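Residue 721 in numbering that gives the first Met the number 0 sits at position 722 of the sequence shown, and the numbers go up by one each step. Worksheet: one structure, shown below.
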Amino acid sequence: MIKEFKSLLNTPVGIIFPMIFICLTGSLLWFIPGDYNILQNKYASLDGLFSLLPFLLIILVPVLSMRSFSEEKKSGTLELLLTRPISLWRIIGNKTGAIFLMIALSLVLTLSSFISIYYLAIPIGNVDTGAILASYFGMLILALVFISMSVFASSLTSNQALAFIFSLVLCSFGYYGFDLLSNLFSSGEIQVFIQSLGLLQHVSSIQRGIINSRDLIVLLSISAIFYLLTYIILSVKKRRKTILTTLLILLTINFLSIFFHYRWDLTEEKCYTISPQTKQILHNLDQPLEIQLYLSGNLNAGFTRLKQAVENMLTDFSSIVPGKIHWKTIDPHAPENAGIIKSLSSEGIQGIAVNEHNKEGGITQQIVFPWLKIKMGNKTLPVSLLIHMKDKSGEENLNMSIENIEYELIRNIYLLTQKDTGKIAFLEGHGEFSEEEVQYITNQLSNYYQIDRGRLTGNISELNDYKTVVIAGARFPFSERDKFILDQYLMQGGKLLFFLNGVKADYDLLASSGQTPTMANDVNLQDILFVYGIRINPVLIQDVQCINLPVSVNRKNTGNTIKTIPWHYAPLLTPNPNHPITKDLMLVKSEFTSTLDFIGNHTHIEKTPLLYSSDHTHVTKIPEMVTFQSSDNPLSLSYFNEKHLMAAALLEGNFISAFQHRPIPENVSHFKELIPQSPKTKIIVVASEEIISNEKDLSPGYDKYSQITFDNTEFIIHAVNYLADDWGLMKLRNKQWKIRLLDKQKIQLYSGWLPWINILVPSLILLVIFFISIRIRKKKYFH
């Protein structure tokens, strides 16, 4: 093998074409503007390189392989070679190994680009090394397959040009042909089968950082078949037994790989590890899904990453249930799709304007549609793919969107497949918000669940059919009977969601006179909440991070004027970024918010804060007269002397009954025996009922003065979904992808000479190896 490698290295072809390969990849990655340019795309990634390499290998491998046997045939040395005491397998292996070493050397020299992005990244080293190494491994395996095809082509003819053309056709069709051929069939199962015969489907997953044993077996089997064909062509004695045995072994291995295979996700964040919940839901599909992706067209680098992530996820879904998921990408701006934008708009699918700076310093605008539609039978659901948080940068929003792809896709697929959506109960009878006051959130939740409202009648099992019970505000005390029914519902695994104020205030009096007295809002639930491990404190949060209100200010010289003042009793609560309920949410609007404390040492209960105040908070104890603070007398920052006070919390675990050592209330029907402890279940307590209420036709969280909509709706929906989530889908929201950006300052500093380094240094290394090889050869044969 080493002898063959040296021989190849000393030929013009062996040095010129690898040099062209290195210069071409370096130019496309560092000089030529376009999708492959690393500096232009601004991400610490080599995706551009690995998109280029298959195409370049389709050309480079046939060039290096065309003379392997055709030259031997033409010069008449093949017969002499076959008479030597060396097996034909070894001859084929030596020639293949030499070409493989040359390809491997060429790929190793592209590591200069990896080193460059490693030091250009923010911070240094913020690259996904595992995914990049997996991609290089995938390219080596692909090169091995291309070599086997090209060596086979070379064994068929003594003409190098014909060998090159034949191997070029073989490699091109092997990589791209089967995917193109599959489009001729309408059946999804046939399409998937035909695509699985080609190389593209198997290599693309490795390029993303996933190594599947089934992909490796298929690729290596294809390579082995072409080596076997080469052996058959060159062998003087056709060893049928050897050939049949080899084919039988390959068929057996491939058959077994269908049932026994393993998948290694080498990405740093394990981004492509599909959850067991997702797999189970996909396996439960009884009808095929039709998916249309509208994120297409002239996209910038960020949206291209989002599109690729969606397509990769859909590809993974398709591989889990072959033939059940059919998807295609549609460009709404394409001439053949005229009228589709108007149609999408009528379905609530709106494009967003993306501004980009061009080379001339101007701004160009592109309308993109980060949406897809999922259709099953007669039901269709539009799915938004983009998270848009105003306090986040574009890169951060796109990164969060990529993190949530699996959750958004599988959640909507789950909704389409569910015949029984489950039921949610909103309690009445204790001064809770009316149906109109929570109409918006009820309508939103009705997309997922059947929503019922009603009073408790005393039947011990009347809540058993509900996934979650919501107490949306309360003005009047709960009776012992109602508390007992809630307690035993929880003890049977039910979930409870409380929106309760710790303090009462007169909103009408505040609006008319600018002030209101306050008092504790005792609705007789504190005792059972205390047993469960949490307490609502009868205090009010004042926060610098709050909404602003217009108020009338009386001035001596100018009369009444309208001024905007901070309303500190309406804090904007900060979500916990590390929990799936509140991850990637913006601020949540509240009013007359109390604080929460965890109580007791409940080792069997996991307690998690969900919402909390800002760094500058003040606690107002009651009774206290609440007034609008005039902008003429602003509160000093020293007044806000506390921070991060908890206003919403989650409790999970095995709860002890609050009635374990208390008498059973009267008028409880169908009661048999007290359940003293619950299975693992959940409670969420929110110390501000205003979070869930809405004004007419407006969503909760909408501030009509600033016209900003805060994330109240998303918080409530995520909270209910988390409580009612039997599949654990909400945990998928905890996936995190690092944002891997290049340092703009370093790009400006090094952009003049760094591209030249990535071309000249690898080229010089190759030339040095070439001249050393020539020097050794001359010394060996001419001295």
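Idealized CB from N, CA, C, for every residue including glycine. Note that this is a predicted model, so its numbers are computed, not measured.
Item: Using the DSSP secondary-structure output, state which residues sit across from Gly652 in a beta bridge.; Value: Ile604 and Thr680
Item: Going by CA-CA distance only, name the one from His603, Met585 and Glu651 that's closest to Asn711.; Value: Met585
Item: So what does DSSP say about Leu584, is it helix, strand or coil?; Value: coil
Item: State buried or exposed for Phe770, treating a residue as buried only when at least 16 other CB atoms are found within 10 Å of its CB.; Value: exposed
Item: Taking a contact to mean a Cβ-Cβ separation below 8 Å, would you say Ile423 touches Ile691 in this structure?; Value: no
Item: Please list the terminal residues of the continuous alpha helix (DSSP H) segment that includes Lys72.; Value: Ser69 to Ser74
Item: Are the region 322 to 333 and the region 395 to 409 touching, with three or more C-beta to C-beta distances below 8 Å?; Value: no
Item: Can you give me the C-alpha to C-alpha distance between Val760 and Leu215, rounded to a whole angstrom?; Value: 33 Å
Item: Since Gly532 contacts His601 with CB under 8 Å, what's their CB separation in whole angstroms?; Value: 5 Å
Item: Between which two residues does the alpha helix (DSSP H) carrying Arg410 extend?; Value: Ile404 to Thr416
Item: According to DSSP, simplified to helix, strand and coil, what is Lys372?; Value: strand
Item: Can you tell me the Cα-Cα spacing of Pro549 and Ala569, whole angstroms?; Value: 14 Å
Item: I'd like the ranges of any beta strand (DSSP E) spanning at least 3 consecutive residues and lying wholly in the region 41 to 65.; Value: none
Item: Whole angstroms is fine: what's the gap from Phe68's alpha carbon to Ser153's?; Value: 5 Å
Item: Please classify Phe477 as buried or exposed, where buried requires at least 16 other C-beta atoms within 10 Å of its C-beta.; Value: buried
Item: Tell me where the beta strand (DSSP E) around Ser383 begins and ends.; Value: Lys378 to Ser383
Item: Going by other Cβ atoms of all chains shown within 10 Å of its Cβ, with 16 needed for buried, is Arg304 buried or exposed?; Value: buried
Item: Please determine if the region 467 to 476 and the region 678 to 694 are in contact, where contact requires at least 3 C-beta pairs separated by less than 8 Å.; Value: yes
Item: At the level of alpha carbons, what is the spacing between Pro608 and Pro565?; Value: 26 Å
Item: Does Asp505 come out as helix, strand or coil in the three-state DSSP assignment?; Value: coil
Item: Run the CB neighbour count on Tyr704, radius 10 Å, all protein chains shown included, and call it buried at 16 or more, exposed below.; Value: exposed
Item: By alpha-carbon positions, which one of Pro381, Arg480 and Leu462 ends up nearest to Ser345?; Value: Pro381
Item: Determine the contact status of Ile535 and Ser593, defining contact as a CB-CB distance below 8 Å.; Value: yes
Item: Under 6 Å Cβ to Cβ from Val353, same chain only, skipping five residues before and after it: list those, please.; Value: Gln365 and Val367
Item: Just to confirm the assignment, what range does the beta strand (DSSP E) spanning Asn211 have?; Value: Ile209 to Asn211
Item: Does the separation of the CB atoms of Gly350 and Ile340 fall below 8 Å?; Value: yes
Item: Count the other CB atoms, across all protein chains shown, that sit within 10 Å of the CB of Ile430; report buried if there are 16 or more and exposed otherwise.; Value: Residue identity check: residue 430 is Gly in the sequence provided, not Ile. Looking at its Cβ environment, which holds fewer than 16 other Cβ atoms inside 10 Å, Gly430 is exposed.
Item: Pop quiz: Gly137 and Val217 are said to be a contact at Cβ under 8 Å. What is the actual Cβ separation, rounded to whole angstroms?; Value: About 13 Å; that fails the 8 Å criterion.
Item: Would you list the residues sitting across from Asn452 in a DSSP beta bridge?; Value: The sequence as given places Arg at residue 452; Asn does not occur at that position. Its beta-bridge partners are Phe425.
Item: Determine the DSSP secondary structure at Asp127, reduced to helix, strand or coil.; Value: coil
Item: I'd like the list of long-range same chain contacts for Leu766, defined as Cβ closer than 6 Å, with 5 residues on each side in sequence excluded.; Value: none
Item: When you compare only the Cα positions, how much space is there between Tyr488 and Pro664?; Value: 15 Å
Item: Just the C-alpha distance for Ser668 and Glu268, rounded to the nearest angstrom, thanks.; Value: 53 Å
Item: Per DSSP, Arg262 is paired with what?; Value: Asn211
Item: Buried or exposed: Thr24, going by 16 or more other Cβ atoms within 10 Å of its Cβ?; Value: buried
Item: For His717, count neighbouring C-beta atoms within 10 Å of its own C-beta (all shown protein chains included) and say buried if the count is 16 or more, exposed if not.; Value: buried
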